[in-house]
Amino acid sequence: MKRGASIVLYIALICIGYYGGEGLCNTVGANPPKTDVRPPSGRPCTVPSLRSRAGLVQGRYVGLPLQGGRATPGKTPRLTVPESLHSFGQIYRGERVRHHFLLKNAGEAELEIRKVRTSCGCTAAEPSQKVVPPGGEAYVEVTFDSKNFVGRVTKTVMVDTNDPSEPTHTLTLEAFVLEEVVAEPSRLTLGQIRQGDGRNLKVEVKSPTGMELKVSEAQSSSGALEITSIERQAGGLYAIKLEVKKDSPAGRFGGDLVVHTNSPRQPIITIPFSGEVVSDASVFPTQLSFGLVRRGTEAVRQLLITFHNPGVRLVRVEVAGILPTEAQSASGGNPLQTERVQETGPLPAEVFSLRSDPGGEGSSASGGANCRIDVILSKEAPVGRSEGSLTIHTTSTSQPLITIPISATIKE
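Numbering (numbering that gives the first Met the number 0), first residue to last: 0 to 411.
Listed below in structure tokens is the structure:
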């Protein structure tokens, strides 16, 4: 025991003498050949391994400076934010409001503001300074744009720093967004409209704040939806009358109804609209893209044919580059014949093929019936871009042929 104690004491004296009082050595561990360690002075301390009765003893520097016999932790930055939540209260839609968040460094090392991230609807300027000394301050200016929001809104701002205790600090903004001018309905979703039927609509514009509202004009971004009149009614309400024309072409349409008012906060309000004018039959999607497909992979895309006229039926479907095949129609009684047609463009033969849905409804369909067609991209398709078209033959006098473009890009 005395010999073991003297060995430990001898190692401690060597380390203290070598470092000049700058560090300590500890004797623990296994028995590697030699251990090269660095004290705070930067000079290596190599302590030979020694064998004691307790086993193998190795010298190791533990890096605790001698200061009055007590260890002191390293210096680190510490972010403090006096106000992490700010409420704008009630604001009007369309207003842009700003707030400065104060950031303080309560630590003993420099605080680095590395990144400021915001959620949708907010923008943040660069911090007033990216490196904040101990005891120093910086601020971040955050702007909230309320034009796309109504009601209670909460937004967050994330501040990334080198504070080891909290690398990311979250700031929060709150507001209640009021409208000085409102439109009812605020969106027009018209669905399907039979060609030749047309449709009349109305949008009401008013001010819930009681201001003396004036609507000077309104504009439609689509020719399918026309403005027929703008009428001022009792109570300061304006009625904008609209029409989907009877002779509108078949197809999907959409856009915005833009209304100009005398409101300083909301001089323009926008009402989105969408719909589809359908004839005897409609097809979705109106173009078929396989996108990027790896070579040797078979891919399938679906096409839905909807019949809106009970007297119209499906005759056949053709796709460029396929061999003659016969598929059963959805009713099981009428064949859906897919015939080979003349190849066009760069489309190789047999790249695309068809099959109908055996469990669907018939090609001699009643009004509103559906027929699903699977368009198949062959796994033998060569590398490169293939283009073609799908032609749907019906008994409709207004839509005897419906053509759908097809495309695919094959990669290795």
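Here a beta-carbon is modelled for each residue, glycine too, at the ideal position from N, C-alpha and C.
Only a predicted model underlies this, so the values are computations on that prediction, with no experimental measurement involved.
Discussion item. Let me make sure I understand the geometry here. Which of 116, 85, 130 and 98 has the alpha-carbon closest to that of residue 76?
Written reply: It is 130.
Worksheet item: Helix, strand or coil: how does DSSP classify residue 93 here?
Response: If DSSP states are grouped into helix, strand and coil, residue 93 belongs with coil.
Worksheet item: For residue 233, does the three-state DSSP call read helix, strand or coil?
Response: The answer is helix: DSSP assigns residue 233 an H, G or I state.
Worksheet item: Just checking, does the segment 211 to 218 make contact with the segment 292 to 299 on the three C-beta pairs under 8 Å criterion?
Response: Contact check between the segment 211 to 218 and the segment 292 to 299: fewer than three CB pairs, one atom from each, fall below 8 Å, which does not count as touching.
Practice prompt. Work out the CA separation of residue 147 and residue 285 for me, nearest whole Å.
Written response: Distance between residue 285 and residue 147, taken at the CA atoms: about 31 Å.
Practice prompt. Could you work out which residue in 281, 278 and 254 is closest to residue 269 when comparing CA atoms only?
Written response: In terms of Cα proximity to residue 269, the closest of 281, 278 and 254 is 254.
Worksheet entry | Three-state secondary structure (DSSP) of residue 134 | Reduced to three states, the DSSP call for residue 134 is coil.
Practice prompt. Kindly indicate which three-state DSSP category residue 159 falls into: helix, strand or coil?
Written response: Note: residue 159 maps to strand in three-state DSSP.
Fill in: Residue environment, residue 405, which counts as buried when at least 16 other CB atoms sit within 10 Å
By the neighbour-count criterion, in which a residue is buried when 16 or more other Cβ atoms sit within 10 angstroms of its Cβ, residue 405 is buried.
Worksheet item: Given that a residue counts as buried once 16 or more other Cβ atoms are within 10 Å of its Cβ, and exposed if not, what is residue 307?
Response: Counting other Cβ atoms within 10 Å of its Cβ, residue 307 reaches 16 or more and is therefore classed as buried.
Worksheet entry | Cutoff 7 Å; reference residue 105; Cβ partners in own chain excluding five residues on either side | Answer for residue 105: 77 and 79, listed in chain order.
Worksheet entry | Cβ shell of residue 116 (< 6 Å), same chain only, five flanking positions each side left out | Excluding positions up to five away in sequence, the list reads 157.
Item to complete: Taking all protein chains shown into account, decide if residue 180 is buried (16 or more other Cβ within 10 angstroms of its Cβ) or exposed.
Response: Looking at its Cβ environment, which holds 16 or more other Cβ atoms inside 10 Å, residue 180 is buried.
Worksheet item: Under 9 Å between the Cβ atoms of residue 388 and residue 278?
Response: No.
Worksheet item: Are the CB atoms of residue 192 and residue 282 nearer to each other than 9 Å?
Response: Not in contact: residue 192 and residue 282 (Cβ atoms no closer than 9 Å).
Practice prompt. Could you pull the start and end residues of the beta strand (DSSP E) that residue 387 belongs to?
Written response: 383 to 393 is the extent of the beta strand (DSSP E) around residue 387.
Discussion item. What does the Cβ neighbour count give for residue 225, buried or exposed, with the cut at 16 atoms within 10 Å?
Written reply: Looking at its Cβ environment, which holds fewer than 16 other Cβ atoms inside 10 Å, residue 225 is exposed.
Worksheet item: Considering only the beta carbon of each residue, do residue 318 and residue 289 sit closer than 9 Å?
Response: No, Cβ-Cβ distance for residue 318 and residue 289 is not below 9 Å.
Discussion item. Going by DSSP in three states, residue 103 sits in which element: helix, strand or coil?
Written reply: Of the three classes helix, strand and coil, the one that applies to residue 103 here is strand, per DSSP.
Fill in: Extent of the continuous beta strand (DSSP E) to which residue 123 belongs
From DSSP, the beta strand (DSSP E) with residue 123 extends over 121 to 123.
Fill in: Three-state secondary structure (DSSP) of residue 149
If DSSP states are grouped into helix, strand and coil, residue 149 belongs with coil.
Item to complete: Name, in chain order, the residues that DSSP records as bridge partners for residue 98.
Response: Beta bridge pairing from DSSP links residue 98 with 141.
Fill in: From 172, 259, 257 and 265, residue whose alpha carbon lies closest to that of residue 207
Considering only 172, 259, 257 and 265, the residue with the shortest C-alpha distance to residue 207 is 265.
Fill in: Whether residue 176 touches residue 187 by CB criterion (9 Å)
Contact flag unset, no.
Worksheet item: What residues match up with residue 181 in a beta bridge as DSSP calls it?
Response: For residue 181, DSSP records a beta bridge to 205.
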